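Asks:
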DNA sequence: GAGAAAATTAACAGAAAATTAACATAATAG
DNA sequence: CTATTATGTTAATTTTCTGTTAATTTTCTC
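Chains as they are written, first to last, in the working numbering: chain A, 141 to 361; chain B, 141 to 361.
#1: Compare the C-beta of residue 264 of chain A with all C-beta atoms of chain B and state if any pair is closer than 8 angstroms.
#2: Anything in the segment 219-231 of chain B with a Cβ closer than 7 angstroms to a Cβ of chain A? List those residues in chain order, please.
#3: Specify, as a first and last residue, the run of the beta strand (DSSP E) that residue 171 of chain A falls within.
#4: Apart from the five residues just before and just after residue 307 of chain B, which ones in its own chain have a Cβ nearer than 6 angstroms to its Cβ?
#5: Residue 248 of chain B versus chain A: which residues are under 9 angstroms apart at the beta carbon?
#6: Between residue 282 of chain A and residue 342 of chain A, how many whole angstroms is the CB-CB distance? I'm expecting something under 8 angstroms.
#7: Give, in chain order, every unbroken run of the alpha helix (DSSP H) that is at least 4 residues long and sits entirely within the segment 217-258 of chain A.
#8: Quick one: is the Cβ of residue 275 of chain A within less than 7 angstroms of any heavy atom of the ligand ADP?
#9: By the criterion of Cβ-Cβ separation under 7 angstroms, what are the contact partners of residue 281 of chain B in chain A?
#10: Keeping to the same chain, check which residues put their C-beta closer than 6 angstroms to that of residue 345 of chain B; ignore five residues upstream and five downstream.
#11: With a threshold of 8 angstroms between beta carbons, is residue 142 of chain B in contact with chain A?
#12: With a 10 Å radius around its C-beta and 16 neighbouring C-beta atoms as the bar for buried, classify residue 218 of chain A as buried or exposed.
#13: By DSSP, does residue 152 of chain A sit in helix, in strand, or in coil?
#14: Would you say residue 313 of chain A reaches chain B, if we count a Cβ-Cβ gap shorter than 8 angstroms as a contact?
#15: Which partner residues does residue 277 of chain B have in the DSSP bridge list?
#16: With 8 angstroms as the threshold, decide whether the Cβ of residue 181 of chain A is near any Cβ in chain B.
#17: Give me the DSSP bridge partner(s) of residue 145 of chain A.
#18: Keeping to the same chain, check which residues put their C-beta closer than 6 angstroms to that of residue 264 of chain B; ignore five residues upstream and five downstream.
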């Protein structure tokens with residue numbers, strides 16, 4: 141599930157937001173201090189960051205600017221009591237994705253969070269993936285087809301997961317290499333083919349889940 | 141530059157927004173009527189759609205819902221006079237990416253547009269192209285005509301995409317060669333003809349989507 | 001450190017697509 | 001109306017890409 145960080149020093153507001161979001165099922169972390177919040181956010185692991193502007197030790201604008209300079213791509217929603225055009229524009233300029241003024245309705249905030257998550261396609265961090273009669277348990281690295289456990293090697297498993305997450309999209313060998321092997325890899329891109337072959341063989345010799353798009357790459361449909 | 145569509149029946153507001161956005165350098169189209177606006181938006185060619193809620197013939201909520209059901213992935217900003225929690229939440233539920241209530245500051249709107257453009261991957265904007273009864277899914281490299289999937293080779297696919305993006309414009313063989321084959325290519329420019337022929341054959345032997353402009357090149361209308 | 005498993009490289013055959021070439025047909029200038 | 005040129009169409013050829021297998025290297029396990 142989506143990871144959300146709340147950086148807000150007004151405890152009443154922080155608790156309210158946290159409660160609502162946990163109800164929906166998000167994983168929520170909270171931080172009252174600006175600098176501590178920045179350090180957490182800097183990890184890059186959050187899908188959404190709810191960021192108050194006036195904070196002790198480090199203010200929201202600076203946090204946002206710093207995070208963006210570090211290429212943190214979390215969806216940042218700024219939160220403030222000041223409804224001032226200058227601030228709003230500045231907020232977006234330092235890299236915020238949305239800007240909400242207090243008082244706001246909790247439902248509006250959650251709606252905006254959902255919209256942010258939807259736009260970025262990050263809500264797919266679920267443990268169990270399903271694709272046709274195939275079920276993938278990410279935490280246990282198990283794949284079940286029908287009722288039979290399919291033995292996949294690590295690379296085959298990673299490849300399958302990546303294909304399923306990007307279901308429908310054609311993925312080039314380069315995309316697969318950078319995402320599954322790491323940028324540094326500069327070997328032959330034909331490795332991908334071999335793993336695709338083995339995956340097809342293990343999943344189902346008949347059905348062709350995995351389609352080849354000649355000249356481009358592979359996709360699962 | 142980014143393509144923006146404004147669907148708004150209040151002329152004063154529409155003009156103001158259009159003026160501001162053109163100043164920045166965006167390509168702006170405007171539509172006063174709901175249904176006409178929907179039809180334009182449905183093309184999928186806009187990066188951002190600014191959508192009023194109360195419109196003649198088709199309301200903003202319905203437009204938004206319909207567009208999302210058609211996989212149009214433009215960044216949709218809803219615009220309304222009603223600052224009502226229920227509406228905001230509903231707006232996000234039908235697929236809006238942002239929601240702004242009137243009166244709003246023009247600078248805030250442009251800031252929100254920029255944030256929307258920034259947040260999305262630029263390649264998303266043109267993922268789904270539509271042309272008559274043909275739908276092109278660029279990320280999956282699929283072409284659907286009516287309800288039938290048309291099997292195209294890579295070159296045919298690229299050619300179709302390029303023609304549709306430059307709909308109406310006549311493209312010379314040289315233009316097509318440099319854009320689809322790369323500058324270095326110095327073979328016979330008649331290759332284009334063969335691919336055009338095959339494309340016509342596969343898309344529809346009857347209808348002539350692709351027009352020949354003798355002495356110049358080809359265009360799709 | 002030996003043995004097993006997995007990952008990678010290499011090689012080749014077959015299939016698909018791109019390109020060339022050749023001829024047929026249609027459009028246009030004179 | 002004819003000669004010329006541009007385009008349509010088909011077939012043949014060449015090139016490229018992928019599937020597949022086997023051999024080699026690396027990693028892991030005991």
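Beta carbons are placed, not taken as given, at the ideal position from N, Cα and C, and that holds for glycine.
Everything numeric in this text was worked out from a predicted model, so none of it was measured.
Replies: In brief:
#1: Your numbering for residue 264 of chain A matches position 124 in the first chain. Note that residue 264 of chain A scores 45 on pLDDT, short of 50, meaning its location in the model is unreliable and no value can be drawn from it.
#2: Those would be 225, 228, 229, in chain order.
#3: Numbered from 1 along the first chain, position 31 holds the residue referred to as residue 171 of chain A. From DSSP, the beta strand (DSSP E) with residue 171 of chain A extends over 167-171.
#4: On the second chain, position 167 is the one that residue 307 of chain B refers to. Answer for residue 307 of chain B: 360, listed in chain order.
#5: Against the second chain, residue 248 of chain B aligns to sequence position 108. Neighbours of residue 248 of chain B across chain A, judged by C-beta separation under 9 angstroms: 225, 228, 229, 232, 239.
#6: Taking the first residue of the first chain as 1, we reach residue 282 of chain A at position 142. Taking the first residue of the first chain as 1, we reach residue 342 of chain A at position 202. The pair is not a contact, with the Cβ atoms about 13 angstroms apart (cut-off 8 angstroms).
#7: With a minimum length of 4 residues, the continuous alpha helix (DSSP H) runs that stay inside the segment 217-258 of chain A are 225-233.
#8: As for the ligand ADP, it is missing from this structure, which has no ligand bound.
#9: Indexing the second chain from 1 puts residue 281 of chain B at position 141. For residue 281 of chain B, the neighbours in chain A by C-beta distance under 7 angstroms run, in chain order, 310, 353, 356.
#10: For the purposes of this step, residue 345 of chain B is taken as residue 205 along the second chain, with counting starting at 1. None.
#11: Within the second chain, the letter at position 2 stands for residue 142 of chain B. Not a single CB atom of chain A sits nearer than 8 angstroms to the CB of residue 142 of chain B.
#12: Sequence index remark: in the first chain, residue 218 of chain A carries index 78 (1-based). Residue 218 of chain A should be labelled buried.
#13: By one-based count along the first chain, residue 152 of chain A stands at place 12. Residue state, collapsed to three classes: helix.
#14: For this step, residue 313 of chain A is matched to residue 173 along the first chain. Taking Cβ atoms only, chain B never reaches closer than 8 angstroms to residue 313 of chain A, which makes this a no.
#15: Here residue 277 of chain B corresponds to residue number 137 of the second chain, with the count starting at 1. Per DSSP, B:268, B:282.
#16: The residue you call residue 181 of chain A lines up with position 41 of the first chain. Not closer than 8 angstroms to any Cβ of chain B, the Cβ of residue 181 of chain A fails to qualify, so no.
#17: If you number the first chain from 1, residue 145 of chain A lands on position 5. When DSSP reads this structure, residue 145 of chain A sits in a beta bridge with A:169, A:189.
#18: Working through the second chain from its first residue, we reach residue 264 of chain B at position 124. Low local confidence applies: a pLDDT of 49 at residue 264 of chain B is under 50, so the model's placement there is unreliable, with the coordinate-based value given in what follows. Setting aside the 5 residues that flank it on each side, residue 264 of chain B is surrounded in the same chain by 213, each with a C-beta closer than 6 angstroms to its C-beta; the list follows chain order.
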